[in-house]
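First comes the structure, then the notes that go with it.
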């Protein structure tokens, strides 16, 4: 049994870790922290979990959490994780950080987030399908939700050297913005609406570039996000422009299918969709569904990926990383279908 | 041309007054106040109004607004209107107050809202169909959204002396809670959800009782509200229990239809629906649609009413009152269909 | 290992059985039928299940299914189940029927559905919390979705002899109407709308009356359903009118709480909610959440129940029944939280 | 007074014409046809219009309609309009066709729709802002919804010779698919979902290409549509790649703003948004809102346009064309705000 702790359990990713871990056969959640809810039951913040946990939120220190746990998930906001992670590591825990604090090289982090990094540490980027080295990591920087969907959509093509450039146009559910009410998340503003934002400057761009240029150094990457009236899910439309010398491959559907299935042959959570990927085929699950179509007489391949932003885009992938770190099959506790309809 | 002012123009009812008045042939909006947005364009708070107004929000006093206007709408929060209304009246304006400050007798108001009334004045309850005396009023207390839908649904039966008791079960869109983001209005909380609240103690109950007991002194009234995933609209299900001596009428569909059409023969905005009333037949409009069905071998008649809470339940009805106060046909500027689909 | 079959696997309840059973530790789904999809993969109708089943839909006879299975779920439409159930039973299977064919006495069924019953059999009404005798049943008539939420909300009060009358006002997600597109389920008709229907004559009324009068012979029952813009879930508002001699109990919150907790002390899936029940605390799960509030100076108690119509209101409850029939803990394979947000 | 007829009044564009024309000061709708609803009231198909029309649907011939009308709108499906238009024209009516039958040259139409054109006629493409010659047209081919939003977003840049290539990624409400229930429009399939479709082959591509290459012969155009959970609206994200010699202009925000305001100086319905365009600022109105942002150190400009697909994307634009054909101010009857929230 792996003793697990969650630092920051009151938000959406904390709640989702609790939901998923409740049915993990090899895990026991022994500590969940929340300063503001200290002493209250888990169900007070997460009514859907009533009856599944007798745990209460606690206001423990990193050292106390680390001493009780083999592996700790940090699910606190960006900029706060760096106040927890070093102490957790020093006290002997392995850590999976769901914030953005350990995903990027320090200089890129500081430029992107406009803040000094107070506690850099070596970390593995936890996009599980691309980084088997998470198995040995002490610290995993769990990827952002957009980078997960975007990178998985295009990685096989990038690796194959086919891509000149890619423009990602992503459509996200609003839960990605967190549990705190905002102007954007106000129901009358979000319902029956589509809200484009940070059209060219979203903070997730460096993660996507980092992963794709690792596979294809010359690839050019652009990214534009939108929020749509959905709670969960990110559907990413990747407009992929092939290199002039790869146009023959572009129109060869079987060849492209083969590139994907070969690249993901050991990745059980990546599914090539029979029709087109849709959010409601992955909702609540750790799957990433992918589909594609080539434009005739063009250099453009359209690739679609669909994930649940709170599962494969956050807490599910974090558990997938934990499984590998603990030497378990990566599907353990995650091998269930999403909810449809 | 009637010169009109709006006190508190940044919220939903203020925005809706502006939307509707932009096409009123006999009205000119000459002033709209907002302390926090003073100096900014109307479109800054209401992007949908861009191009239709050159007005800016101003931080004027009641006296200044009154001097510029024939009629003033007060669309400020409950408890704030009483700081504006007396000065507006004293400076010669007629006033239509969209808050709850002038809908109830002072003692009932104070008990219901748990606060002292600082400036009581004589007012007419502006449920237009039931109060033709608004035509001569200096001050109109525009009804709450729930009381409008509930009262119109049952008034004809109450007047006819048929009703022993009524239980209103209302389903409202979330815009009734206003433009400020809250826990309840947070999209992930509201989407795909139904939220019952204040099951037996909603503040609108005294308005409904006041209106129905005026028509039928012995009627017993209960009310339970819910929020549903919709921006606009209130669908009210009235479970009406007939008096023992009225059970013959209960099963006489033609007779009941006649009671309604007779009661509302001069009320152009009340429509007897051909099928069952639905929110999307009244959305954006000033109509109230009504339908009913009797339960066999029972004393229960189910009456359904549908309104747009921001129009017939607030700003539209306020303009309807204004039309009567100004001697205009009550349909002026309001005689258009809702938006469907 | 229990070998299980599903007759009619292409609809929502069939898909939900497959989703839930995929993670049941003691069950193997060995057959799933669909005449129109015979030969196609389960994922062709249910993309979310891709990777979890290698099964194909088959066009087998009842005899063939029964021979392969210990327990069979029939998830075919009302009126069709009676063509399967007798043969399944005769061939030795135990059967849980999710249609309405085996929930009511024959005479009540025929009057309610306006059709002759071609194959009556003895069956137990599978509202698990009220019918422990399902454990020994050969045939279980799994309850309708509305009756499940309504009956569980009021059963303890009825049993305690407190109730004169109850009016159920239910708000359902549209998935209850099935997987076939209709006028009502057309997104532009359903979004931002509330649709009342069959105000006094819904076919589920006899099931509710049957269960509640079993507990309290004199109770009077009315029921009015609505569809709201949600996929899953039924929130039922029970307006409960207490008997004159029970008004003291009505205002005693602790006493009523005790009545519920005592009645449901062995019912793990019924939870007394800390706040008010909401659809999003039970979505995707087998829980039924219940809350209540008494109206002051009145005879009315408002009780709210929330279930997922496809889980506790259909497929989850069917599996709960199966667990009891198989001598398993009723929570087996069902003890997980719903999905929130 | 202009006597107007609507051929095919039972669908969404027919209903929207009726809604909008009800408040047009210079128009009288004298005929509305529907074979299947002949003899029924307009409100039978469009409950929101109850009380606004005493018209009944009729099953008249083209000749009969033309004799009663000055201008006729044909709102029948693609492929059916060509059975009406010639007869209407021959009988002396001017015609605005909302189908796709008269938007493209015959050869392009036949290739795109895979069907022979039975009755080609000269027509003006009714994208009002780009085709002032509609004023004199006998027959106007009213543009598709996607082409309206896409073309207006990029036309000024194309005209200025700045654009090498553009990739349109559009997000549409489901009402664009019409009033008939389908698999896609089924609420449980559409809610909380995003559905990409016809990723590279949508039939509206030739319209967009036709309009943009008219302004810039060498421009390359790609288009990918999605349906999002909204009833109305199309938000188009145009990923515009500038020509190498235009990169200086790309980073000059004021210059680009000037190009737009100059191009649309006589186009009252095109608004440059203060923030980013959103569907809920144009819902129900004839406005097209536009905004843009340049990517740093790149050749990409992101342009966003938002329209209501049933108004500016269909019936509103049709009336705008009618106004010009009749010598009226193009705003007549259309100068109102959308509905927000």
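Protein chains in written order, with our numbering: chain A, 1 to 341; chain B, 1001 to 1341; chain C, 2001 to 2341; chain D, 3001 to 3341. Using N, Cα and C, we set each Cβ at its ideal position, and we do this for glycine too. From a predicted model like this one, the values you see are computed outputs, not experimental measurements.
On the DSSP letters alone, give me the boundaries of the beta strand (DSSP E) that residue 3005 of chain D sits inside. Start and end: 3002-3007.
What's the gap between the Cα of residue 3103 of chain D and the Cα of residue 3133 of chain D? Straight-line Cα distance between these residues: approximately 14 Å.
Where do the ends of the beta strand (DSSP E) carrying residue 1074 of chain B lie? Residues 1071-1074.
Return helix, strand or coil for residue 2331 of chain C, following the three-state DSSP convention. Coil.
Three-state secondary structure (DSSP) of residue 1222 of chain B: Three-state result, residue 1222 of chain B: strand.
Counting contacts by CB-CB distance shorter than 7 Å, is residue 1188 of chain B in contact with chain A? Chain A, which has a Cβ nearer than 7 Å to the Cβ of residue 1188 of chain B, makes this yes.
Those residues which DSSP pairs with residue 3050 of chain D across a bridge: Answer by DSSP bridge pairing: none, since residue 3050 of chain D is not bridged.
Could you list the residues in the stretch 157-177 of chain A with a C-beta less than 8 Å from some C-beta on chain D, going in chain order? For the stretch 157-177 of chain A, which is checked against every Cβ of chain D, the residues closer than 8 Å are 167, 169, 171, 173.
Leaving out five residues on either side along the sequence, give the residues of the same chain with a beta carbon under 6 Å from the beta carbon of residue 3167 of chain D. Contacts found: 3222, 3239.
Residue 272 of chain A: first and last residue of the uninterrupted beta strand (DSSP E) it sits in: Counting along the chain, residue 272 of chain A sits inside the beta strand (DSSP E) bounded by residues 270-272.
Distance, Cα to Cα, residue 59 of chain A vs residue 147 of chain A? Each residue's Cα considered, the two are about 32 Å apart.
Inter-residue spacing [alpha-carbon to alpha-carbon] between residue 1200 of chain B and residue 1220 of chain B: Distance between the alpha carbons of residue 1200 of chain B and residue 1220 of chain B is about 14 Å.
Identify the contact partners of residue 3231 of chain D in chain C, using a Cβ-Cβ distance below 8 Å as the criterion. Those are 2187, 2188, 2191, 2192, listed as they occur along chain C.
Hey, does residue 3181 of chain D have any beta-carbon neighbour from chain C nearer than 7 Å? Residue 3181 of chain D counts as touching chain C.
Any beta carbon of chain D sitting closer than 7 Å to that of residue 342 of chain A? Only positions 1 to 341 of chain A appear in the structure, and residue 342 of chain A is not among them; the question remains open.
Determine, using beta-carbon pairs with one atom in the stretch 1183-1196 of chain B and one in the stretch 173-183 of chain A, whether at least three such pairs fall under 8 Å. The answer is yes - the stretch 173-183 of chain A touches the stretch 1183-1196 of chain B, with three or more Cβ pairs under 8 Å.
Measuring alpha carbon to alpha carbon, tell me which residue in B:1303, B:1324, B:1247 is nearest residue 1272 of chain B. Minimum Cα distance to residue 1272 of chain B is reached at B:1303.
Are residue 3075 of chain D and residue 3008 of chain D touching if we call contact CB-CB under 7 Å? Yes, they are a contact pair.
Rounded to whole angstroms, what's the CA-CA distance from residue 2013 of chain C to residue 2319 of chain C? Just pull it up for me. The straight-line gap separating the alpha-carbon atoms of residue 2013 of chain C and residue 2319 of chain C is approximately 11 Å.
Quick check: is the beta carbon of residue 1318 of chain B nearer than 7 Å to any beta carbon in chain D? Answer no: the Cβ-Cβ gap between residue 1318 of chain B and chain D never drops below 7 Å.
DSSP three-state assignment for residue 169 of chain A, whether helix, strand or coil: Here residue 169 of chain A sits in strand by DSSP.
Check this for me: beta carbons of residue 3305 of chain D and residue 3236 of chain D, under 7 Å apart or not? Contact flag set, yes.
Do you know how far the Cα of residue 194 of chain A is from the Cα of residue 3314 of chain D? Whole-angstrom Cα-Cα distance: 20 Å.
Closer than 6 Å: is that where the CB of residue 1187 of chain B sits relative to any heavy atom of the ligand GTP? Absence of the ligand GTP is noted for the structure shown, with no ligands found whatsoever.
Thinking C-alpha only, which one of D:3232, D:3130, D:3326 is nearest residue 3269 of chain D? Ranked by how close their Cα comes to the Cα of residue 3269 of chain D, the residues D:3232, D:3130, D:3326 have D:3130 in first place.
Starting from the beta carbon of residue 294 of chain A, find every residue of chain D whose beta carbon is closer than 8 Å, and list them in chain order. The answer, in chain order, is 3200.
Going along the chain, which unbroken runs of the beta strand (DSSP E) with 3 or more residues stay wholly within the stretch 1187-1268 of chain B? Runs found: 1220-1227, 1234-1242.
Endpoints, the beta strand (DSSP E) within which residue 2311 of chain C is located: Here residue 2311 of chain C belongs to no beta strand (DSSP E), and DSSP marks it neither H nor E.
Start and end of the alpha helix (DSSP H) containing residue 2014 of chain C? Per DSSP, residue 2014 of chain C belongs to the alpha helix (DSSP H) from 2012-2021.
Helix, strand or coil for residue 324 of chain A, going by three-state DSSP, please let me know. Assignment of residue 324 of chain A by DSSP, reduced to helix, strand and coil, places it in the helix class.
What residue range does the alpha helix (DSSP H) around residue 2085 of chain C cover? Residue 2085 of chain C: member of the alpha helix (DSSP H) spanning 2085-2090, first to last residue.
Quick check on this structure: which residue in C:2142, C:2105, C:2124 has the alpha carbon closest to the alpha carbon of residue 2117 of chain C? For the residues C:2142, C:2105, C:2124, the minimum Cα distance to residue 2117 of chain C belongs to C:2105.
Beta-carbon spacing of residue 3139 of chain D, residue 3123 of chain D below 7 Å: The beta carbons of residue 3139 of chain D and residue 3123 of chain D sit closer together than 7 Å.
Using 10 angstroms around the beta-carbon of residue 3217 of chain D, count the other beta-carbons present and answer buried if the total reaches 16, otherwise exposed. Around the beta carbon of residue 3217 of chain D, fewer than 16 other beta carbons lie within 10 angstroms, which makes this residue exposed.
How big is the Cα-Cα spacing for residue 2245 of chain C and residue 2299 of chain C? C-alpha separation (whole angstroms): 10 Å.
Considering only C-alpha positions, which residue in the set A:154, A:226, A:301 is nearest to residue 260 of chain A? Checked all of A:154, A:226, A:301; the closest Cα to residue 260 of chain A is A:154.
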